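Participant: Here it is, the structure in full.
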Amino acid sequence: MKSAANGAGMSVSGFIRSLACEGAGIRPFLNDADRAILQLLAADLRAVGNGLNQAVRALNTGRLRTVSDIAASADDARAISLTVAAELSQMTKRAGTARRLGAR
9 MKSAANGAGM SVSGFIRSLA CEGAGIRPFL NDADRAILQL LAADLRAVGN
59 GLNQAVRALN TGRLRTVSDI AASADDARAI SLTVAAELSQ MTKRAGTARR
109 LGAR
């Protein structure tokens, strides 16, 4: 168990929890690098959401003359959301593969 956990870059307890959850149909846990990437993407998405909220508020109060700011913020939010989805997909594949290879 120790060598498999080390091979996956996880503690033994984290490795066992991850295997148990995966066996129950729950996606594997993310490693520290994966979490760091997701935190950066979440910060980007919050910033875009804040800008979008401000633009909509300005539009609703008549202070915004064009909707191009809203469209640009919506496009940014869409791009970040797609990036998050792609990253999550790759992270779960890498985590599962690492555990399977470490378990051999």
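Counting in our numbering, the sequence shown runs from 9 upward without gaps.
We put the beta carbon where it would ideally sit given N, CA and C, even for glycine.
For clarity, every value in this text was computed on a predicted model and none was experimentally measured.
1. Run through DSSP, which three-state label would N39 get?
2. Which residue from C29, M9, A66 puts its Cα closest to that of V20?
3. Is the segment 67 to 85 touching the segment 22 to 30, taking contact as three or more C-beta pairs under 8 Å?
4. Determine the DSSP secondary structure at G1, reduced to helix, strand or coil.
5. Would L53 pass as a contact of S89 if the rule is Cβ separation under 9 Å?
Facilitator: Taking the definition as stated:
1. coil
2. M9
3. no
4. Residue 1 lies beyond the range of the chain shown here (9 to 112); nothing can be said about it.
5. yes
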